[in-house]
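Visitor: Residue 221 is where the sequence shown ends in the working numbering, and the numbering goes up by one at each step.
Ideal Cβ positions, reconstructed from N, Cα and C, are used throughout, including at glycine.
All of these numbers come straight from a predicted model, not from anything done at the bench.
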Amino acid sequence: MSTFDEAAAVRTYLKLMHEVVTRLDLISYACNGQLNLAPPYAFEYCYLQYRRICELLALGCLQLHGDLPATRTNAATKEWNAERIMGLLHRSHPHAFPQCAVATKTPTGWNYVANSKPNAMTLVEFKALYGKCGQVLHRGTIRSVETEQPLQKQDYAQVILWSQKIVDLLNQHFVSRSDGHGLYFVSLKTESGGPACNVLTGFTEGAVSVATYNLSVETAA
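In structure tokens form, the structure reads like this:
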């Protein structure tokens, strides 16, 4: 069985997080009318992006927790359903889901505070969003077509709320390592333009070992 390659896992995770940022931007464009979609079609478009975001997040967690034996089975490597992936991870590591965080520069270093954003998406809400995506993106049965009602103002408002929850969760976040001896700290946007990850290990009193990974993002002129 191959050994876990931390650097490769982190780099893949950062690529997936960059795609999350791109899809969040597309949701914003759709909500602001920049894609010239009629409201019902913008609504569907946003949930298509949310479904992909759920999948990206689940696959990213699968990468970072690649040292878990359960992630290296044939079933795990072939799984595409985001909820089932998170369920598989949580059976082996109850803290596999990201936790929102805020990093603040201090005169002596950095201060990290986890779970300080009450609006940040939880695992329960992640599952609810993934289920909602399935409802929106499947046309349903002939009976549901005959009885469906027009979208209401609150339906569109919920689209924006989901985006805010995802941003609050992922803008800066921790993912705890499955061995209990470290953390991944991820920022979606950095001065370089792309996401970055600090792998924090070797905690001792007043010190910690840090390995930093950055994803370079090329922008069009």
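Distance, Cα to Cα, TYR29 vs CYS46?
Guide: When rounded, the distance between both Cα atoms is 10 angstroms.
Visitor: Expressed to the nearest angstrom, what Euclidean distance is found between the alpha-carbon atoms of SER192 and ARG11?
Guide: Roughly 15 angstroms between the two C-alpha positions.
Visitor: Give a yes or no on whether the C-beta atoms belonging to MET17 and PRO195 are separated by under 8 angstroms.
Guide: The answer is yes: Cβ separation under 8 angstroms.
Visitor: Is the beta carbon of GLY66 sitting closer than 8 angstroms to the one on ALA114?
Guide: Not a contact, by the Cβ cut-off of 8 angstroms.
Visitor: Got a sec? Which residues, its chain only, sit under 6 angstroms from VAL159 by beta carbon, not counting five neighbours each side?
Guide: Same-chain partners within the cutoff: CYS46.
Visitor: Could you give the DSSP three-state label for VAL208: helix, strand or coil?
Guide: Strand, per DSSP.
Visitor: What is the C-beta distance between TYR13 and GLN63, in whole angstroms, given that I count them as a contact (C-beta under 8 angstroms)?
Guide: Confirmed, Cβ separation roughly 5 angstroms.
Visitor: Tell me which residues share the same chain as THR201 and place their Cβ nearer than 7 angstroms to its Cβ, disregarding the 5 neighbours each side in the sequence.
Guide: Closer than 7 angstroms at the Cβ level, and outside the excluded window around THR201, lie HIS181, GLY182, SER209.
Visitor: Tell me whether GLN217 sits in a helix, a strand or coil according to DSSP, three-state version.
Guide: One point to set straight first is that residue 217 is Val, not Gln, in the sequence displayed. VAL217 falls in the coil class under three-state DSSP.
Visitor: Are the CB atoms of GLU6 and VAL199 nearer to each other than 8 angstroms?
Guide: The answer is yes: Cβ separation under 8 angstroms.
Visitor: How close, in whole Å, do the beta carbons of ALA120 and ASP168 come, if the pair is a contact with beta carbons under 8 angstroms?
Guide: Right, their Cβ atoms sit about 4 angstroms apart.
Visitor: If we ignore side chains and look at the alpha-carbon of each, how far apart do CYS133 and PRO107 end up?
Guide: Cα to Cα, CYS133 sits roughly 45 angstroms from PRO107.
Visitor: Tell me the residue span of the beta strand (DSSP E) that contains ASN74.
Guide: Careful: ASN74 lies outside any beta strand (DSSP E), inside the alpha helix (DSSP H) at 74-78.
Visitor: Within this structure, are the beta carbons of LEU37 and LEU137 separated by less than 8 angstroms?
Guide: Cβ distance not < 8 angstroms, so LEU37 and LEU137 don't count as in contact.
Visitor: Take PHE203 as the anchor and find which of ARG177, SER216, ASN214 has the nearest alpha-carbon.
Guide: That would be ARG177, whose Cα lies nearest to the Cα of PHE203.
Visitor: Where does the unbroken alpha helix (DSSP H) through PHE43 begin, and where does it stop?
Guide: Note, PHE43: alpha helix (DSSP H), 39-64.
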